[in-house]
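S.K.: Below you'll find the structure I mean.
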Amino acid sequence: MPLLTRLLAPLALLLVVGVILLPRPAGAFRLVPIEMEFEPAGRGATQIFQLQNDNADPVAVEITIKARAMDRDGQDVLTDAGDDWVIFPEQIILQPGESQSVRVQWIGPATPDRELAFRLIAEQLPIDIGRPPARGGQVRLLVNYIASLYVMPAGVRADVGVVSAQEIATPDGRRLELVLRNGGTTRKPLNEPTLTLKAGGTTVTLTPDRLGGLNGENMLAGATRRFLLPWPEKLPVGAVTASLSLP
């Protein structure tokens, strides 16, 4: 175990997770980029990230990578990535104004049969560097940056289709439960979708502005997603069929 990790193990940790778009608390840092594609072999299997400390205090950062899947509601399911990645350096102390390059290399399978998704997590560690420890009762906000990594073999393609569509009752009224599956070999952002519904001899077409909660969502390769949408006013309640069009 690295020395810095052993020193920090007894300390409690209060995290603000995924603050890519949130104001940075004092002592925070930046990570760029927040998305990166890797080739499974060759020069493209190694990429560089940058950490930048724009603040007046030093900051300690630890970097890890987790394998990423997606549940039916679109939430990440993160698991151990094993020995498929090399990160150098894994732990960093950034002085005020300092920038640090981090080399990330894929050393996993050279011929995966589909795109593989991961999360790179840059975690600010709860350590005081060059200052007295904070007095008891003070709250420290520590930052995690979470980046998307994709190991992308050649020839992959997405294939998103409708698995099922049905009317369900919820406390907020009738909803259309739409289940989609990406049976392809790469991710597919659901940008500018058009959904066509048929029920009781009536056809209703929903444009992107009426598909909040679906428009702009991401579907990883092999993922199944469930979306709840308002039941269209002009569509009769009952059995329904659905088709999805994407640009």
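According to numbering that gives the first Met the number 0, the sequence shown is numbered sequentially starting from 0. A virtual CB, placed ideally from N, CA and C, is assigned to each residue, including glycine. Given the structure is predicted, the values throughout are model-derived calculations rather than measurements.
(1) Apart from the five residues on each side of it in sequence, which residues of its chain come closer than 6 Å, Cβ to Cβ, to I91?
(2) If you run the structure through DSSP and keep just helix, strand and coil, what is D79?
(3) Looking only at its chain, what residues have a beta carbon closer than 7 Å to the beta carbon of Q165, apart from the 5 residues adjacent to it on each side?
(4) Flag this pair as yes or no: are the beta carbons of T184 and E114 separated by less than 8 Å?
(5) Could you tell me how far apart the beta carbons of L179 and L243 are, in whole angstroms, since I believe they sit closer than 8 Å?
(6) For a cutoff of 8 Å on Cβ pairs, would you count S98 as touching chain B?
(7) Can you tell which of M69, G41, Q49, K233 has its C-alpha closest to the C-alpha of T204?
(8) What does the Cβ neighbour count give for V236, buried or exposed, with the cut at 16 atoms within 10 Å?
(9) Contact check, R118 vs L77 under 8 Å by CB: the rounded distance?
(10) Taking 7 Å as the limit between beta carbons, can you name the residues of its chain near D72, skipping five residues before and five after?
(11) For the putative contact between T222 and M35, defined by C-beta atoms under 8 Å, what is the C-beta separation to the nearest angstrom?
(12) Considering Cα atoms alone, identify which of P192, M151, P95, E216 is closest to G43.
(13) Here's the rule: buried if 16 or more other CB atoms are within 10 angstroms of the residue's CB, otherwise exposed. What is A8?
(14) Leaving aside the five residues before and after R102 along the sequence, list all residues of the same chain whose C-beta is less than 7 Å from its C-beta, in chain order.
M.R.: Per the coordinate set shown:
(1) Answer for I91: V60, Q99, listed in chain order.
(2) strand
(3) E176, V239
(4) yes
(5) 7 Å
(6) Reference to chain B is not applicable here, since this structure consists of a single protein chain.
(7) Residue nearest to T204 within the set M69, G41, Q49, K233 is K233 (criterion: CA-CA distance).
(8) exposed
(9) 6 Å
(10) R225
(11) Here the sequence assigns Ala to residue 222, which means Thr is not the residue at that position. Not confirmed; about 20 Å, so no contact.
(12) M151
(13) Residue confidence for A8 is low, a pLDDT of 38 falling below 50, so the modelled location carries little weight; the figure read from the coordinates is stated next. A8 counts as exposed, since fewer than 16 other C-beta atoms from the protein chains shown sit within 10 angstroms of its C-beta.
(14) T45, I47, F87
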